[in-house]
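In the working numbering, the protein residues as written are 2 to 118. Quick reminder that beta carbons are idealized off the backbone N, C-alpha and C, glycines included.
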Amino acid sequence: MRIIYLINKIALITTLILYLTIFLGLYAQIVLGTLQVISALGLLFIWNKLSIKNKKELLVYWLLTITYGLGWLATDNINNGFIVVFLIIIIPISIAIYFVTILHSITKKLHEKHIHV
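So, in structure tokens, the structure goes:
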């Protein structure tokens with residue numbers, strides 16, 4: 002579990018650094034998003050070992066992620082620069098930061114219980 006957390010944390014930090022170039026940050030965000038969705042799916046295999054708090058946090062993560070994804074289906078033509086930045090950069094990176102904090106919490110709790118996953 003710790004390895005999954007570290008990989009996600011490194012991917013998040015790398016994405017944030019690459020946002021200095023904007024375009025590389027956007028590409029890194031695609032990789033980060035894919036990595037996080039795969040990681041979240043993997044957490045379903047240890048669902049019974051998670052605390053109720055972590056389960057609720059993961060449900061919120063999935064709700065945010067699915068809502069964000071479905072939101073793109075409803076978005077037709079966006080001309081406002083701020084809205085574009087908000088939709089393409091701020092919302093996804095916020096979801097990514099939230100997921101890494103969830104992973105940190107899960108890793109910490111499993112480590113305290115000496116459960117190795």
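Mind checking which residues open and close the alpha helix (DSSP H) that includes residue 15?
Its alpha helix (DSSP H) spans residues 3-19.
Length-filtered (4 minimum) alpha helix (DSSP H) runs lying within the stretch 37-110
Counting whole runs of 4 or more residues, the stretch 37-110 contains the alpha helix (DSSP H) stretches 53-75, 82-86.
Counting Cβ pairs, one atom from each stretch, are 3 or more of them under 8 angstroms apart for the stretch 16-24 and the stretch 64-76?
Counting Cβ pairs under 8 angstroms, fewer than three are found: no touch.
Status (buried if at least 16 other CB within 10 Å, exposed otherwise) for residue 101
Buried, since its Cβ has 16 or more Cβ neighbours within 10 Å.
CB-CB length for residue 6 against residue 115, believed under 8 angstroms
Not quite, the Cβ-Cβ distance comes to about 16 angstroms (not below 8 angstroms), so this is no contact.
Alpha carbon to alpha carbon, how far is residue 93 from residue 26?
Looking at the two C-alpha atoms, the distance is approximately 12 angstroms.
Compute the distance between the beta-carbons of residue 111 and residue 2, then report whether it is under 7 angstroms.
Between residue 111 and residue 2, the gap from beta carbon to beta carbon is short of 7 angstroms.
If you reduce the DSSP assignment to three classes, tell me which class residue 23 lands in.
In this structure, residue 23 counts as coil in the three-state DSSP scheme.
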